[in-house]
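>
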Amino acid sequence: MSAGPFVFRCFITSVVIGMASLSAFAWADEPSIRRIGVITAGPGPWEETLREGLRELGYIDGKNIVIEWRRASGSDELPLLASQLADAKVELIVAFSTPAAGVALQVTTLPVVFLAGDPVGAGLAASLARPGGHGTGVSMLNRELAGKRMELLQQVVPGMRRIVFLMNPANPLDLRVLEEAQKAARILNVKLETLVARNAEELDVALRALPRSSADGLLVANDLFLMVNRAKITQAVRKAKLAAIFPFKEYHDGGALMSYGPTTRDAARAVAVYVDKILKGSKPAELPIEQMSKVELIIDLRVARAMGINVPEEVLLRADEVIQ
575 MSAGPFVFRC FITSVVIGMA SLSAFAWADE PSIRRIGVIT AGPGPWEETL REGLRELGYI
635 DGKNIVIEWR RASGSDELPL LASQLADAKV ELIVAFSTPA AGVALQVTTL PVVFLAGDPV
695 GAGLAASLAR PGGHGTGVSM LNRELAGKRM ELLQQVVPGM RRIVFLMNPA NPLDLRVLEE
755 AQKAARILNV KLETLVARNA EELDVALRAL PRSSADGLLV ANDLFLMVNR AKITQAVRKA
815 KLAAIFPFKE YHDGGALMSY GPTTRDAARA VAVYVDKILK GSKPAELPIE QMSKVELIID
875 LRVARAMGIN VPEEVLLRAD EVIQ
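Start counting the sequence shown at 575; every next residue gets the next number (my numbering).
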């Protein structure tokens, strides 16, 4: 037997083994694709901010991370959406809102990163320092701001005696905010009434009731379902010619008079940091919940002039931003 064929076969075998080794090396070097799920009350500014925050940490949607989005049109859809994400084999769930976080923690054992109002008061965590369980995240606790919002509203519209509180009773935080608002109403000597909206249908009913109410002003809860529908709400408020104060800056996109509360952009970026830590092996139970403490007062003088409202100088001086 000649040496030629034998040498050729050895050469081919070496090439094949070498290519296989290079392929295995390249595969080992390729970053793994992570999968996370997100439950929201609907499209909102926090979605793009979450993506931005993840990009800054090296996670590119569609490249080395896959984000499964689930958007609820009402609180009754949350259990199904959380179960869908668990079936989709995601590594963790991001829950934007207290109701979404509560459901995700109940129906799955996956790590949960939440953006919630009062996670301890709502039973999502044992404490801010040591959450326990399988959830952690960002707290936008501002139920104590309800009284300050009502006080600002009364300063802008002197003689205000009746305020309507638009809220989502499916959100545990809104119920706690209602208690604070009721306390403030007694101190300010105003009557507080409620309008409830758990879903789009109830919201339409509540907004149609605004022009028929005898209210002097409107207080809007910091529920993310309501924020998703901010354009519809601000339009109805202007039509009813009601002075209103809102919990988030984003309401000014639709022509809000005043807002007083934390910024959702800062909170959503903080959520991205928690996602990164958990994907790298940290346990939610050991990650302290971040408390968003910064709040902003924003006043739109264009809306005030259109409504014939003269905003007092002392209120304008308190504002972080005045829209002219």
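Beta carbons: idealized from backbone N, C-alpha and C, even for Gly.
For M866 and P821, which I take to be in contact (beta-carbon distance under 8 Å), what is that distance rounded to the nearest angstrom?
Rounded, the Cβ-Cβ distance is 12 Å, inconsistent with contact.
> Helix, strand or coil for S713, going by three-state DSSP, please let me know.
Reduced to three states, the DSSP call for S713 is strand.
> Check each candidate in N745, V686, S649 and D635 and name the one with the smallest Cα separation from L861.
V686
> For D874, list the residues DSSP reports as bridge partners.
I897
> Between V731, E887, I639 and V751, which lies nearest to L740 when the distance is taken from Cα to Cα?
V751
> Tell whether a beta-carbon distance below 8 Å holds between A656 and V694.
no
> If you compare alpha carbons, which of E718, D748 and G632 is closest to S671?
D748
> Looking at the unbroken alpha helix (DSSP H) that takes in R625, where does it start and where does it end?
Run containing R625: P619 to E630, per the alpha helix (DSSP H) assignment.
> Is R879 helix, strand or coil by DSSP?
helix
> Going by DSSP, which residues form a beta bridge with E767?
In DSSP, E767 forms a bridge with V738.
> What alpha helix (DSSP H) runs, 4 residues minimum, are completely inside the segment 749-812?
774-783 and 798-802
> If the criterion is Cβ atoms closer than 8 Å, does the pair M734 and K815 meet it?
no
> On the DSSP bridge assignment, give the partners of M832 in chain order.
I819 and I873
> For the beta strand (DSSP E) that V686 lies in, which residues bound it at each end?
Per DSSP, V686 belongs to the beta strand (DSSP E) from V686 to A690.
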